[in-house]
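The next block holds one structure in the form of structure tokens; read it before the comments.
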Amino acid sequence: MTESPSLAADPRIRLRRALAETTERLSRAGVPSPSADARALIARAARTDRSPLLLDRLPERFADDLEQLTERRTAREPLQLILGEAPFRRLMLRVEPGVFIPRPETELALDLLRTHADRPPERVADLCTGSGALGAAALDELPTARVLAVDIDPRAVDLARRNLERAGPGRGRVLQADLTDPAALAGQAGFDAVLSNPPYVPSDAVPRDQEVRDHDPRHALYGGGQDGLDLPRLVIARAAALLRQGGTLIMEHADVQGEAARALATTHGGFEQIETAADLTGRDRFLIARRVPDDQPDGSERLTR
Numbered sequence: 001m002t003e004s005p006s007l008a009a010d011p012r013i014r015l016r017r018a019l020a021e022t023t024e025r026l027s028r029a030g031v032p033s034p035s036a037d038a039r040a041l042i043a044r045a046a047r048t049d050r051s052p053l054l055l056d057r058l059p060e061r062f063a064d065d066l067e068q069l070t071e072r073r074t075a076r077e078p079l080q081l082i083l084g085e086a087p088f089r090r091l092m093l094r095v096e097p098g099v100f101i102p103r104p105e106t107e108l109a110l111d112l113l114r115t116h117a118d119r120p121p122e123r124v125a126d127l128c129t130g131s132g133a134l135g136a137a138a139l140d141e142l143p144t145a146r147v148l149a150v151d152i153d154p155r156a157v158d159l160a161r162r163n164l165e166r167a168g169p170g171r172g173r174v175l176q177a178d179l180t181d182p183a184a185l186a187g188q189a190g191f192d193a194v195l196s197n198p199p200y201v202p203s204d205a206v207p208r209d210q211e212v213r214d215h216d217p218r219h220a221l222y223g224g225g226q227d228g229l230d231l232p233r234l235v236i237a238r239a240a241a242l243l244r245q246g247g248t249l250i251m252e253h254a255d256v257q258g259e260a261a262r263a264l265a266t267t268h269g270g271f272e273q274i275e276t277a278a279d280l281t282g283r284d285r286f287l288i289a290r291r292v293p294d295d296q297p298d299g300s301e302r303l304t305r
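Each residue of the sequence shown is one higher than the last, beginning at 1 in the UniProt record's numbering.
Right, dumping it as structure tokens:
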């Protein structure tokens with residue numbers, strides 16, 4: 001039976017068909033969340049922020065645009081890069097090729113900061129900021145806070161500046177700096193909190209997800225050294241210099257690095273209440289440590305790098 005032109009032109013019928021077909025194509029391509037991604041691509045092709053099923057009309061280029069978007073996703077380009085944005089806490093952040101895409105598991109860092117900070121943070125540093133996700137969320141959720149975000153990559157620095165300015169106009173600053181340089185953050189001190197999601201993948205590990213392997217920059221994934229902890233070690237050292245007495249360090253790490261991360265903080269010295277927090281799936285994910293006074297004896301050797 002041939003479908004009548006009126007039915008074929010009905011946007012709701014077209015959208016239901018597009019959802020079924022797009023979901024099927026994404027599923028065949030191995031996309032982990034084919035239905036959710038299909039809905040996001042359809043909304044983008046329909047040029048709407050609300051449910052496409054509520055639309056009375058579709059753009060003239062809807063079918064062509066949806067085809068192009070679907071081809072990119074079936075090739076396993078990350079949905080966030082296709083859309084140019086990624087949700088993070090209460091924000092919608094800009095994302096761009098060549099800059100690490102923020103992950104949902106990192107969002108817990110803000111809750112941990114609220115729980116473990118000894119007072120509402122006024123000065124926050126975000127080390128290895130990438131897109132600026134943690135710094136932008138701090139500006140959004142801590143209305144009186146000011147944020148210094150740091151990254152070595154000029155592309156990340158440019159993107160983070162834009163994301164921080166949108167989240168907290170005039171309250172964020174982004175610095176391009178190499179944490180391996182002992183003088184990189186000279187003169188910076190007195191921070192209430194240091195947040196960080198540094199690169200931590202071991203040098204011989206291969207990310208399981210194709211989107212990560214093919215699209216996240218290697219320098220934002222691999223932490224250096226066989227255990228991947230060279231950069232996390234530097235973050236801990238920089239945090240010790242940046243934090244005031246009683247200030248809080250929250251650092252993300254791989255789910256198998258909890259014990260090693262605690263050992264790094266203990267060996268460096270200058271921290272107390274060192275512990276590991278689990279993510280929402282129960283896996284070790286964050287190092288938490290509180291800064292103690294420089295003159296407090298702890299019997300440990302300080303690292304200069």
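Positions of the beta carbon are idealized from the N, C-alpha and C atoms, including for glycine.
Straight-line gap, residue i to residue j (C-alpha atoms, nearest Å)
i	j	result
ARG76	ASP118	43 Å
LEU127	ALA18	42 Å
ALA109	GLU252	8 Å
LEU242	LEU249	10 Å
GLN80	ILE101	7 Å
VAL292	GLY135	24 Å
SER6	THR70	With a pLDDT of 44 at SER6, under the threshold of 50, the modelled position of that residue is not reliable, and the figure given next carries that caveat. Going by the C-alpha atoms only, they are around 26 Å apart.
HIS219	ALA240	23 Å
ARG50	PRO154	35 Å
ALA186	ARG238	10 Å
TYR222	PRO11	46 Å
TYR200	VAL206	12 Å
ARG16	ASN163	35 Å
VAL235	GLY30	36 Å
PRO78	ALA38	13 Å
LEU195	ALA125	6 Å
GLN245	LEU113	16 Å
ILE152	ALA160	12 Å
ARG89	LEU231	25 Å
GLY224	GLU21	43 Å
ALA40	ASN197	27 Å
ALA289	ARG173	24 Å
LEU148	ALA133	12 Å
ILE13	GLU275	54 Å
ARG72	PRO87	20 Å
THR267	GLN273	14 Å
ALA263	ASP284	14 Å
ASP209	VAL150	27 Å
ARG25	GLN257	37 Å
GLY228	ARG171	33 Å
GLY269	ARG233	12 Å
ALA184	ALA265	20 Å
ASP178	ARG47	40 Å
THR2	ASP56	Reliability fails at THR2, whose pLDDT of 40 lies under 50, so the model's placement of it is uncertain and no value is given.
PRO34	GLU107	23 Å
Unbroken beta strand (DSSP E) run spanning residue i, endpoints
i	result
ARG285	284 to 291
PRO87	85 to 88
GLU275	271 to 278
When the options are compared against residue i, the one with the closest alpha-carbon
i	options	result
ALA193	ARG72, PHE62 and PHE271	PHE271
ALA145	ALA160, GLY223, ASP216 and ARG123	ARG123
ASP65	ALA45, PRO207 and ASP10	ALA45
GLN176	LEU113, ASP158 and GLN188	ASP158
LEU287	ALA261, ALA86 and ARG94	ALA261
ILE82	ASP255, PRO120 and GLN68	GLN68
PRO120	GLY247, ASP279, SER203 and ALA263	GLY247
GLU96	ARG90, VAL150 and GLU85	GLU85
ARG213	GLY132, GLY98, ALA20 and ILE152	GLY98
ASP279	ASP111, LEU93 and PRO52	ASP111
LEU93	GLY130, VAL256, LEU113 and ALA265	GLY130
GLN226	GLU211, ALA189, ASP204 and THR276	ASP204
PRO202	ILE42, ASP255, PRO182 and ASP178	ASP255
ALA277	GLY269, HIS268, HIS215 and GLU259	GLU259
ASP216	ALA156, GLN257 and PRO34	ALA156
THR74	GLY190, GLU211 and LEU91	GLU211
Start-to-end residues for the alpha helix (DSSP H) that takes in residue i
i	result
GLY246	No alpha helix (DSSP H) contains GLY246, which is instead part of the beta strand (DSSP E) from 243 to 252.
VAL212	210 to 215
HIS219	No alpha helix (DSSP H) contains HIS219, which DSSP labels as neither H nor E.
ALA18	11 to 28
GLN68	62 to 74
THR266	258 to 268
LEU41	34 to 45
Taking 8 Å as the cut-off, does the region 157 to 176 touch the region 126 to 145 (at least 3 CB pairs, one atom from each stretch)?
yes
Scan the UniProt domain "Methyltransferase small" (95 to 201) and note each continuous alpha helix (DSSP H) run of 4 residues or more that stays entirely inside, going in chain order.
108 to 116, 133 to 141 and 154 to 167
With a cut-off of 8 Å, do at least 3 Cβ pairs link the region 85 to 103 to the region 47 to 60?
no
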